[in-house]
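Trainee: Numbering (UniProt numbering), first residue to last: 1 to 145.
Built from N, CA and C at the ideal position, the CB exists for glycine as well.
Since this is a predicted model, take the numbers as computed values, not measurements.
Quick one: the structure is below, and I'll ask about it shortly.
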């Protein structure tokens, strides 16, 4: 079961990071060659369904990550006594930061009806955090043996 959960976790991470990468790095290139209004319409169209898929992927990532964590001794994971646990704690801190920034942005835009506090850079910030999370995950794997 561990291997199945690991595959689910990895596949959902690839899709999640791919979506963020597209939105942060690839899509802005379209603004250089296509009319801004047309680009905004396309982005609005894929963002409606994309938000649901994005949320689902995030949920699958969290669920599979918690399920994978159940295979480890929880006390030793949080003890910071090993490189594995140190990278795990850093990974969780980056994840919590991403979640907090997302929640703050959604609150400002939808509850306070103000402009995006990150000025359309939220996916670029998320991409940087994702890269940090991936590096921590690979480091955890390297130090788990």
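Going straight from the alpha carbon of residue 40 to that of residue 97, what length do you get?
Mentor: So the two alpha carbons sit approximately 28 angstroms from each other.
Trainee: Classify residue 112 as helix, strand or coil using the three-state DSSP reduction.
Mentor: Correct three-state label for residue 112: coil.
Trainee: Rounded to whole angstroms, what is the Cα-Cα separation between residue 34 and residue 127?
Mentor: Going from the Cα of residue 34 to the Cα of residue 127 covers about 24 angstroms.
Trainee: Distance check for residue 37 and residue 141, CA to CA, integer angstroms please.
Mentor: C-alpha separation (whole angstroms): 45 angstroms.
Trainee: Does the structure place the segment 18 to 31 close enough to the segment 108 to 126 that three or more beta carbon pairs sit under 8 angstroms?
Mentor: Because the criterion of three Cβ pairs below 8 angstroms is met, the segment 108 to 126 and the segment 18 to 31 touch.
Trainee: Restricting to runs no shorter than 4 residues, where is the alpha helix (DSSP H) found entirely within the segment 1 to 88?
Mentor: Runs found: 2 to 21, 27 to 33, 36 to 69, 74 to 77.
Trainee: On the three-state DSSP scale, how would you describe residue 99?
Mentor: Here residue 99 sits in helix by DSSP.
Trainee: Nearest to residue 133 by CA position, among 1, 17, 3, is which residue?
Mentor: The candidate whose alpha carbon is nearest that of residue 133 is 17.
Trainee: Starting from residue 122, trace the alpha helix (DSSP H) both ways and give me its first and last residue.
Mentor: Residue 122 -> alpha helix (DSSP H) spans 122 to 142.
Trainee: Can you list, in chain order, the residues of its chain with a C-beta nearer than 8 angstroms to that of residue 143? Leave out the 5 residues immediately preceding and following it.
Mentor: The answer, listed in chain order, is 82, 83, 84, 87.
Trainee: Tell me the rounded alpha-carbon separation between residue 103 and residue 76.
Mentor: When rounded, the distance between both Cα atoms is 30 angstroms.
Trainee: Could you tell me if residue 79 is buried or exposed, where buried requires 16 or more neighbouring beta carbons within 10 angstroms of its beta carbon?
Mentor: Exposed, by the Cβ-count rule.
Trainee: What's the gap between the Cα of residue 52 and the Cα of residue 19?
Mentor: Residue 52 and residue 19: Cα-Cα distance of roughly 12 angstroms.
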